[in-house]
Amino acid sequence: MFAFIVLGQMNADQVPPILGMLFVGPLFWFLGKDRGKGKEFAAVGVVVGFLLGYMYMPRMGTANVVTSTAGEIDQQQYQIMLQNRQIANQFVAQSYFASLTEEEMQSARVPQGALFGFPFVQSTEDDMILEFLLRKEADQMQLVVSDDAVSNYISRYTNNKLSQDAFKRVCQQLGVTQGRIYEILRDQLKARLAFQLKSPEVSLTPDQYWNFYQKFNVREELEVAALPVEDFKKEIADPTEAEMKAFYENYKAVMPNEKGPGAPGLLQPPKVKVEYLLADYEETEKQVKAVTEEEIKAFYEENKETLYKNNPIPNDPNMNFPGAPVAPQGDQPVEAPKPAAPKPAAEEKAPAKPEAPKADSAEKPKTPAPKAEEKPRPEAKPEAEKAKTESKDKTSALDSNQTTFVALLDEKQPAKPEPAKKESAAKEPAKKETAPAADTKPADKPAKPAAKPESKPAQPAEKPADTQPESATTAAPPLEPYRPLNDELKSEIRDQLLRERTLELMQQKINAAATFMNDLSYKINSPATGENPPTPKEITEQLKSYAAKNKLVYNITPMMTARELMESEKYPLGTAREPTLNEFTAQPRTVLEQLFGTPMDQLYTTFEAEDSFSSALISYWKVAHTDTMVPKFDDPEIKQEIIAQIKTEKARPLAQKRAEELKALITKAKDEDMQTALKGQTITGNKEGTELLTQTTESFSWMRTSTAGASNPFAFPRPELSTISAIDGAGNDFMEQVFDNMQEGDVGVAMNADKSICYVVKVINRIPSTPGGQTAMYQEFLKTDLFFFFSPYLPMAQQEQVQTIQNWGKDLLAKYNVQKHFEAMDQEVEVVQE
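If you use the numbering used here, the sequence shown corresponds to residues 11 to 844, in order.
In structure tokens, the structure reads:
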């Protein structure tokens with residue numbers, strides 16, 4: 011019992027000295043007891059045993075996990091680096107909360123930008139290696155981070171609100187001295203500063219933006235035939251034990267798809283366990299008070315001026331808005347004096363213009379009813395036309411600006427001939443008389459004005475012209491000023507009020523839940539002096555009790571990868587995003603980004619999210635986070651995975667070979683469609699195999715924009731690969747093959763994203779497909795604003811930046827010839843999944 015208790019309290023590093031004392035001490039006592047000096051010999055033996063054990067201690071756990079030309083990192087150093095990173099991030103979080111008031115604490119979130127860690131790294135191991143190398147780079151650049159720089163950093167993220175007492179209290183809670191905190195932050199800031207100075211920034215060229223533009227605008231249609239690799243795996247025999255062992259050694263430390271799309275890999279990806287409280291829309295709706303008729307009527311009266319007022323499109327010719335052109339009344343053409351009296355012409359040619367109206371006014375009183383006496387106007391018009399032409403030649407730009415609304419009636423025609431034409435058409439119902447009028451005009455628009463008078467002058471001859479506008483205006487019944495409050499509108503208002511109340515109650519519930527979880531998080535991560543933090547079991551019980559009391563949904567996930575969460579139908583975390591507080595902000599972070607993008611040790615930190623598909627609101631935290639892990643060869647599931655991957659690797663070349671055979675058949679058939687060219691063919695080529703079918707795709711582009719699942723309507727549209735109905739997961743390689751390497755009429759072979767299906771493809775339509783069309787598209791590209799707020803090209807430029815930094819990180823590892831040896835560490839870690 012004594013050994014069980016004592017040894018159970020010791021760690022592996024303490025065992026060698028203890029064993030040395032326990033073994034060497036009694037041995038020396040035995041040697042000295044015959045001389046009567048057993049105690050003295052025993053004491054010496056204890057000291058010798060301790061020294062021997064202590065000498066052996068450094069060998070325990072000091073195997074190098076990273077080797078490089080910049081130095082080695084052993085297991086002990088690696089654990090210290092992890093511990094320092096954890097202390098640094100815990101200090102940032104706790105000092106930030108310590109600087110807030112109680113009111114600010116209710117909605118506080120840890121400033122993610124203040125936490126330490128490098129973006130776009132695949133694992134914690136790579137993060138630690140990058141920190142190690144960047145500190146070496148900082149030393150080479152002779153970068154120095156002073157105490158003042160550390161103090162300024164703390165003051166910046168705490169907004170100068172952290173008191174000296176609060177600083178000391180946080181250090182005590184973390185169990186480190188103030189000097190130690192400064193040393194840890196100094197190392198972290200030195201690596202971050204080196205990263206900021208050394209990491210590249212991307213400045214894209216016009217040619218790269220032209221490439222982006224083509225990906226969104228060039229479109230194709232394909233005829234395709236699918237060859238699943240799975241169909242060819244039946245021809246592959248099971249691998250031997252030796253093959254499996256060799257495959258395991260080659261890929262145990264490689265992530266799937268790490269070496270390329272569809273590439274094998276056995277390294278287990280990071281996993282998280284998440285605990286959350288959820289406000290369900292349907293359940294919350296049942297708790298909302300029903301909407302009454304009085305509330306519907308009150309809402310209608312309060313909002314009818316803004317929501318339910320009928321604002322018809324002004325189509326009444328008598329409704330003259332300020333500055334608007336006068337519309338023609340009924341079927342009559344516009345009278346000449348109204349539209350054809352431009353101010354510039356009157357101002358510049360005052361002597362010429364009054365003569366023509368005098369002739370009109372003198373002749374109009376003679377026969378006012380039929381309006382046929384204005385026929386002499388076309389004869390006098392040429393002089394006026396000359397005057398107008400001269401004035402327009404002198405001040406064309408000024409006339410254009412001052413006669414804007416006249417130009418709207420017929421922008422292409424000069425104002426001079428149109429009034430004469432319309433006057434003659436309106437005042438002469440006979441066709442014989444309209445012909446001479448047309449002869450006196452330019453031949454620009456002879457057909458259009460002539461067609462109108464031919465079909466409708468008969469009516470003015472039979473009926474007075476004054477009756478036609480009345481029939482046009484009295485045809486439509488008067489429109490009610492407001493939309494009537496009928497059953498349909500009542501139903502709309504009821505649904506709107508019910509939804510608003512439901513969402514408001516959901517928000518109240520989830521805010522209260524987040525506050526409860528924040529308080530609980532503080533007890534877990536920053537327990538008061540002398541108090542023990544609650545255990546995971548106690549935390550779960552408290553959350554379950556709170557959920558039952560407040561009619562919320564409680565749930566906890568098993569350890570899951572990002573892909574498993576994304577595809578899960580049970581847990582609504584894969585499609586959820588953080589709430590949008592500002593509608594003009596960029597795309598909010600997803601829950602997956604929050605879970606896997608935050609440090610592994612950032613547990614029990616509360617976050618909120620909303621699922622746009624179910625309208626659910628979620629308050630969650632992660633309770634466990636494991637890094638990438640090397641699997642064990644003896645694991646039955648891993649063995650099955652090894653067999654499947656080996657067979658896939660051997661079957662893929664068979665599928666590609668068969669695709670090339672089919673490509674040759676289609677090419678030989680020339681203009682025949684694929685279905686005809688491949689008639690009677692099977693997928694594998696065996697007669698008893700599955701018949702080969704072809705499909706035609708819709709028109710698609712390489713990239714498209716998507717706002718699916720976006721809760722913020724003002725967020726950037728996300729550029730993504732287009733989805734093609736006939737292609738199961740078209741990846742970037744597939745798009746590159748059909749758009750960059752093929753033209754209209756070409757036949758080729760392309761794999762889908764994970765290389766599980768090989769496709770024989772024929773481009774049956776491409777837009778643009780000619781050099782002229784390409785030139786026209788390029789001209790449109792030159793006119794396009796690529797940098798407006800919702801431009802899809804900005805996220806693509808950001809993706810280029812991410813890819814550039816990732817490549818830079820790989821180059822940095824290659825520069826120092828970094829070799830990883832984490833297998834021994836990872837195999838000792840066993841994760842217990844519930």
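Even glycine gets a Cβ: it sits at the ideal position worked out from N, Cα and C.
Inter-residue spacing [alpha-carbon to alpha-carbon] between Glu231 and Asn751: Stepping through the sequence shown from its first residue, residue 231 is reached at position 221. Stepping through the sequence shown from its first residue, residue 751 is reached at position 741. About 15 Å.
Inter-residue Cα distance where the pair is Glu510 and Ser625: The sequence position of residue 510 within the sequence shown is 500, counting from 1. The sequence position of residue 625 within the sequence shown is 615, counting from 1. Going by the C-alpha atoms only, they are around 12 Å apart.
Residues bridged to Glu84 [DSSP beta-bridge criterion]: The residue given as residue 84 occupies position 74 in the sequence shown. The residue you asked about is not Glu; residue 84 is Asp in the sequence shown. Partner(s): Asn74.
Reduced DSSP category for Glu701 - H, G, I as helix; E, B as strand; rest coil: As a position in the sequence shown, residue 701 is number 691, starting the count at 1. Strand, per DSSP.
Bridge-paired residues (DSSP) for Lys178: Taking the sequence shown and counting its residues from 1, the one referred to as residue 178 is at position 168. Beta-bridge pairing links Lys178 to no other residue.
Asp621 - containing beta strand (DSSP E), residue span: Taking the first residue of the sequence shown as position 1, residue 621 is located at position 611. 617-621 is the extent of the beta strand (DSSP E) around Asp621.
Supposed close pair Leu277, Val640 - CB separation, criterion 8 Å: Here residue 277 is taken as the residue at index 267 of the sequence shown, counted from 1. Here residue 640 is taken as the residue at index 630 of the sequence shown, counted from 1. Yes, they are in contact, since the Cβ atoms of Leu277 and Val640 sit about 6 Å apart, within 8 Å.
Beta-carbon proximity check, Phe130 vs Ile815, cutoff 8 Å: Taking the first residue of the sequence shown as position 1, residue 130 is located at position 120. Taking the first residue of the sequence shown as position 1, residue 815 is located at position 805. Yes; because the gap between Cβ atoms is below 8 Å, this pair is in contact.
Phe797 burial status per 10 Å Cβ neighbour count (16 or more: buried): Against the sequence shown, residue 797 aligns to sequence position 787. Exposed.
N-terminal and C-terminal residue of the alpha helix (DSSP H) that Lys296 is part of: Translated into positions along the sequence shown, residue 296 becomes position 286. Segment 291-296, the alpha helix (DSSP H) holding Lys296.
Distance, Asp764 Cα to Gln188 Cα: Along the sequence shown, one-based indexing puts residue 188 at 178. Along the sequence shown, one-based indexing puts residue 764 at 754. About 51 Å.
Where the alpha helix (DSSP H) through Ser555 begins and ends: Position 545 of the sequence shown holds residue 555. Start and end: 546-559.
Helix, strand or coil at Asn9 [DSSP, three-state]: Any answer about residue 9 is impossible in this case: the structure gives the chain only from 11 up to 844.
Burial state of Lys689 (16 or more Cβ within 10 Å): By one-based count along the sequence shown, residue 689 stands at place 679. Exposed, because fewer than 16 other Cβ atoms sit within 10 Å of the Cβ of Lys689.
Closest residue to Glu304 among Asp248, Glu312, Thr111 (Cα-Cα distance): Indexing the sequence shown from 1 puts residue 304 at position 294. Answer by Cα proximity: Glu312.
Pair within 8 Å by beta-carbon distance, Ala846 and Ile28: Lying outside 11 to 844, the shown extent of the chain, residue 846 is not represented and no answer is given.
Ser629 in three-state terms, based on DSSP: Numbered from 1 along the sequence shown, position 619 holds the residue referred to as residue 629. Strand.
Same chain, Cβ closer than 7 Å to Asn827, five either side skipped, listed in chain order: Counting from one through the sequence shown, the residue named residue 827 turns up at place 817. Cβ within range, chain order: Ser78, Thr79.
The stretch 637-654 in contact with the stretch 170-185 per 3-pair CB rule at 8 Å: no
Leu583 - containing beta strand (DSSP E), residue span: Your numbering for residue 583 matches position 573 in the sequence shown. Leu583 -> no beta strand (DSSP E), and no H or E assigned at all.
Meets three-Cβ-pair contact criterion under 8 Å: the stretch 573-589 and the stretch 542-559: no
Backbone CA spacing between Ser622 and Gly81 [nearest angstrom]: For this step, residue 622 is matched to residue 612 along the sequence shown. For this step, residue 81 is matched to residue 71 along the sequence shown. Each residue's Cα considered, the two are about 49 Å apart.
Length of the line joining the Cα atoms of Lys171 and Ser531: Translated into positions along the sequence shown, residue 171 becomes position 161. Translated into positions along the sequence shown, residue 531 becomes position 521. Answer to the nearest angstrom: the Cα atoms are 22 Å apart.
Where the alpha helix (DSSP H) containing Met745 begins and where it ends: Position 735 of the sequence shown, counting from 1, holds the residue named residue 745. From DSSP, the alpha helix (DSSP H) with Met745 extends over 742-750.
Exposed unless 16 or more other CB atoms sit within 10 angstroms - verdict on Gln829: Counting from one through the sequence shown, the residue named residue 829 turns up at place 819. So Gln829 counts as exposed.
8 Å Cβ shell around Pro121 - same chain, five flanking residues per side excluded: As a working note, residue 121 is residue 111 in the sequence shown. Val102, Tyr106, Tyr167, listed in sequence order.
Inter-stretch contact (C-beta, 8 Å, three-pair minimum) for the stretch 222-240 and the stretch 733-740: yes
Under the three-state DSSP convention, the category Ala538 falls into: Numbered from 1 along the sequence shown, position 528 holds the residue referred to as residue 538. Three-state result, Ala538: coil.
Residue burial classification, Pro494 (beta-carbon count within 10 angstroms, cutoff 16): Walking along the sequence shown from the start, residue 494 turns up at place 484. Per the 10 Å Cβ criterion, exposed.
For Ala201, the first and last residue of its enclosing beta strand (DSSP E): Your numbering for residue 201 matches position 191 in the sequence shown. Ala201 -> not in any beta strand (DSSP E); alpha helix (DSSP H) instead, spanning 188-208.
Cut-off 8 Å between Cβ atoms - residues of its own chain near Glu659, not counting five sequence neighbours on either side: Counted from its first residue, the sequence shown places residue 659 at position 649. Hits under 8 Å: Pro274.
Residue span of the alpha helix (DSSP H) that contains Lys649, given as start and end: Counting from one through the sequence shown, the residue named residue 649 turns up at place 639. Its alpha helix (DSSP H) spans residues 646-679.
Beta carbon of Lys47 nearer than 8 Å to that of Phe643: Here residue 47 refers to the residue found at position 37 of the sequence shown. Here residue 643 refers to the residue found at position 633 of the sequence shown. No; because the gap between Cβ atoms is not below 8 Å, this pair is not in contact.
Chain-order list of residues whose beta-carbon lies under 7 Å from that of Ser629 (same chain, five-residue window excluded): In the sequence shown, counting from the first residue as 1, residue 629 sits at position 619. If we look at Ser629 and ignore the five residues flanking it on each side, its Cβ neighbours are Tyr286, Leu287, Ile520, Ala523, Ala524, Met527, Thr616, Glu618.
C-beta atoms of Ala661 and Ile246 nearer than 8 Å: Here the question's residue 661 lines up with position 651 in the sequence shown. Here the question's residue 246 lines up with position 236 in the sequence shown. For Ala661 and Ile246, yes; Cβs fall inside 8 Å.
Contact set for Met576: own chain, Cβ-Cβ below 6 Å, skip 5 residues either direction: For the purposes of this step, residue 576 is taken as residue 566 along the sequence shown, with counting starting at 1. Only Gly584 meet the Cβ criterion.
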